[in-house]
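Residue numbers (my numbering): 1 to 91. Note that the Cβ used here is the ideal one computed from N, Cα and C, for glycine as well. The structure under discussion appears below in the form of structure tokens.
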């Protein structure tokens, strides 16, 4: 799908902070480089968000494992047991 023109943000939507995080010309967020339109979100966008979430949860785990203990969780992937964190990092 290709847009004919760049969408225009209506004056009543968003504020300065909202506009600071978007790169309208590339139709991505400035920091994470993920698509800003829901119909364009794909595998790579999901992978970026999942990696950020795992990094954040690992950071919290390093502070105190009483909040979350992620590093010992394993999953089955392609008939093999693998640590969840390792799976996400190797996708």
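- According to the DSSP assignment, residue 82 belongs to the beta strand (DSSP E) that extends over 80-83.
- In the three-state reduction of the DSSP assignment, residue 22 falls in the strand class.
- In the DSSP secondary-structure assignment, residue 49 is not bridged to any residue.
- In chain order, 68 and 70 place their CB closer than 8 Å to the CB of residue 57, counting only its own chain and leaving out the 5 sequence neighbours on each side.
- Within the DSSP secondary-structure output, residue 75 pairs in a beta bridge with 82.
- Shown here for residue 66: not one same chain residue has a beta carbon closer than 8 Å to its own, the five before and five after excluded.
- At least 8 Å separates the beta-carbon of residue 23 from that of residue 17.
- Beta-bridge partners assigned by DSSP to residue 35: 28.
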